[in-house]
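Colleague:
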Amino acid sequence: MTTKTFRSRLARALGAGKRAMYRGGRPNVVMRLWNRLDARLYSAGLVIASRAVVLQVPGRISGREITIPLAVADLDDEEYVVSMLGPKANWVRNVEAADGRVVLRRRGRSTAVQLEEVPPAERAPILRRYVAVAPAARPHLGLGPTAPLAEFERIAAEHPVFRIRKRLSP
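Each step along the sequence shown adds one to the number in this note's numbering, with nothing skipped, and position 24 is 26.
#1: State the CB to CB distance for the pair Phe164 and Ala126, rounded to an integer number of angstroms; the pair is presumed to be in contact (CB under 8 Å).
#2: Nearest to Pro137 by CA position, among Ala73, Arg109, Thr5, is which residue?
#3: Cα separation between Arg95 and Thr148?
#4: With DSSP as the reference, label Pro122 as helix, strand or coil.
#5: Taking all protein chains shown into account, decide if Pro150 is buried (16 or more other Cβ within 10 angstroms of its Cβ) or exposed.
#6: What residue from Ile166, Leu57, Thr5 has the CA that sits closest to Arg109's CA?
#7: Beta-carbon separation of Ala100 and Arg62 under 9 Å?
#8: Output the distance between the C-alpha atoms of Pro71 and Pro122, rounded to the nearest integer angstrom.
#9: Going straight from the alpha carbon of Gly65 to that of Thr5, what length do you get?
#10: To the nearest angstrom, report how far apart Glu98 and Glu67 are at their CA atoms.
#11: Give the range of the beta strand (DSSP E) segment to which Ala73 is assigned.
#12: Whole-angstrom Cβ separation of Val133 and Gly146, contact assumed at under 8 Å?
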């Protein structure tokens, strides 16, 4: 077996394992614990990943603060968060219920922001940038950063993208 074949098989196996941890569009027990740990580390500023943020949003049903670690994609001097699990991901539904008014924690600092949904027709280049900065999302989107833009256009409606704007009023 060549090195290229081995890497390809390994990547497919790891991707299948990652997708299995989010079966049904929701994280399993292991991923919930992992996400909770990531959120705490990112919030405290203990992990200084330039693309890592923690989204804080009130739960649409419970009203409790929900935290989720996310990767930020940057493109043309704008920043975006993307739902690798699609429009039914709980954090997406919570953001919609909160009219996009959320808090992002980055490197131990909180900032109130407004998330604006990007129309599907404008998402393809953002999704390509997202898979470049968030390799763990590739198995969920099924594309890599070198895939043609047309492939990202094909899946754009399936993955909500939100532009991060500074919130001017409380």
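Each residue gets a CB set at the ideal place from its N, CA and C atoms; glycine is no exception. Being a predicted model, the structure only gives us computed values, none of them experimental.
Modeller: Working from what's here:
#1: Walking along the sequence shown from the start, residue 164 turns up at place 162. Walking along the sequence shown from the start, residue 126 turns up at place 124. About 15 Å; that fails the 8 Å criterion.
#2: Here the question's residue 137 lines up with position 135 in the sequence shown. The shortest C-alpha separation from Pro137 is found at Ala73.
#3: Translated into positions along the sequence shown, residue 95 becomes position 93. Translated into positions along the sequence shown, residue 148 becomes position 146. C-alpha separation (whole angstroms): 30 Å.
#4: Mapped onto the sequence shown, residue 122 falls at position 120. DSSP places Pro122 in helix when its eight states are reduced to three.
#5: Residue numbering aside, residue 150 sits at position 148 when the sequence shown is read from its first letter. Exposed, since its Cβ has fewer than 16 Cβ neighbours within 10 Å.
#6: Along the sequence shown, one-based indexing puts residue 109 at 107. Here the closest residue by C-alpha is Leu57.
#7: On the sequence shown, residue 100 is found 98 positions in, with the first residue counted as 1. On the sequence shown, residue 62 is found 60 positions in, with the first residue counted as 1. Result yes, Cβ atoms of Ala100 and Arg62 sit closer than 9 Å.
#8: The residue given as residue 71 occupies position 69 in the sequence shown. The residue given as residue 122 occupies position 120 in the sequence shown. A straight-line Cα-Cα distance of about 23 Å links Pro71 and Pro122.
#9: Position 63 of the sequence shown, counting from 1, holds the residue named residue 65. Position 3 of the sequence shown, counting from 1, holds the residue named residue 5. Each residue's Cα considered, the two are about 50 Å apart.
#10: Taking the first residue of the sequence shown as 1, we reach residue 98 at position 96. Taking the first residue of the sequence shown as 1, we reach residue 67 at position 65. Roughly 15 Å separates the two Cα atoms.
#11: Indexing the sequence shown from 1 puts residue 73 at position 71. Ala73: member of the beta strand (DSSP E) spanning 67-77, first to last residue.
#12: Mapped onto the sequence shown, residue 133 falls at position 131. Mapped onto the sequence shown, residue 146 falls at position 144. Indeed, because the Cβ distance is near 6 Å, the residues count as touching under 8 Å.
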